[in-house]
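Undergrad: In full-length UniProt numbering, the protein residues as written are 1 to 126.
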Amino acid sequence: MHMLKQWPVEPGTPFARKYQPGAAPLPTDTEAAAMFAGATLTLRRAGYEHYEVSNYALPGHRCRHNQVYWAGAPYYAFGLGAASYLEGRRFSRPAAMKAYMQWVQEQQPGGPLPGAHSAPESLVRG
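#1: Note down the Cα distance separating residue 45 from residue 20, rounded to an integer number of angstroms.
#2: Quick one: what does DSSP say residue 69 is sitting in, helix, strand or coil?
#3: So what does DSSP say about residue 95, is it helix, strand or coil?
#4: Within 10 angstroms of its Cβ, does residue 69 collect 16 or more other Cβ (buried), or is it exposed?
#5: Have a look at the DSSP bridge pairing and note the partners of residue 61.
#6: Here's the rule I'm using: 16 or more other beta-carbon atoms within 10 Å means buried, otherwise exposed. How should residue 76 be labelled?
#7: According to DSSP, is residue 49 helix, strand or coil?
#8: Under three-state DSSP, which class holds residue 75?
#9: In the DSSP assignment, what residue or residues form a beta bridge with residue 56?
#10: Helix, strand or coil: which one does DSSP assign to residue 127?
#11: Hey, out of 81, 73 and 98, whose CA is closest to residue 88's CA?
#12: Could you pull out every residue in the same chain whose Cβ sits closer than 6 Å to the Cβ of residue 122, ignoring the five residues on either side in sequence?
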């Protein structure tokens, strides 16, 4: 279960186009913190454990997908804009369809990893 942190309304997003300030005001930081604390208490009483920044899970049911990232384990991702992490390097595929299709055509079996020129992940994460 992922609990959402309160983020600002970003101009140009679908939410910003639908949000009407004053009609249904967003909670203040104090109200949001109180709601998060209340949700945390409810979830812990129900047996959920709090892990990462805003995730909760029953014991043994943490998101394996996220655990791979935190452990620094390699992973493959496929599709427009998808990012993989292999041999200590993170690289992304093109996000636009035309560029992605060209990128796919250029890949050679057994060739160098895409993004081999990228900075090592340890430099990116600090």
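All C-beta atoms, glycine included, are put in the ideal place defined by N, C-alpha and C.
TA: In short:
#1: So the alpha carbons of these two residues sit roughly 36 Å apart.
#2: Residue 69 falls in the helix class under three-state DSSP.
#3: The answer is coil: DSSP assigns residue 95 none of H, G, I, E or B.
#4: Around the beta-carbon of residue 69, fewer than 16 other beta-carbon atoms lie within 10 Å, marking it exposed.
#5: As DSSP reads the structure, residue 61 sits in no beta bridge.
#6: It is exposed - the Cβ of residue 76 has fewer than 16 other Cβ atoms within 10 Å.
#7: If DSSP states are grouped into helix, strand and coil, residue 49 belongs with the strands.
#8: The answer is strand: DSSP assigns residue 75 an E or B state.
#9: Note: residue 56 sits in a beta bridge opposite 50.
#10: Only positions 1 to 126 of the chain appear in this structure, which leaves residue 127 out of reach.
#11: For the residues 81, 73 and 98, the minimum Cα distance to residue 88 belongs to 73.
#12: Here the model assigns residue 122 a pLDDT of 43, short of 50, so the residue's position is not dependable, and the following value carries that caveat. When the five nearest sequence neighbours on each side are left out, no beta carbon in the same chain lies closer than 6 Å to the beta carbon of residue 122.
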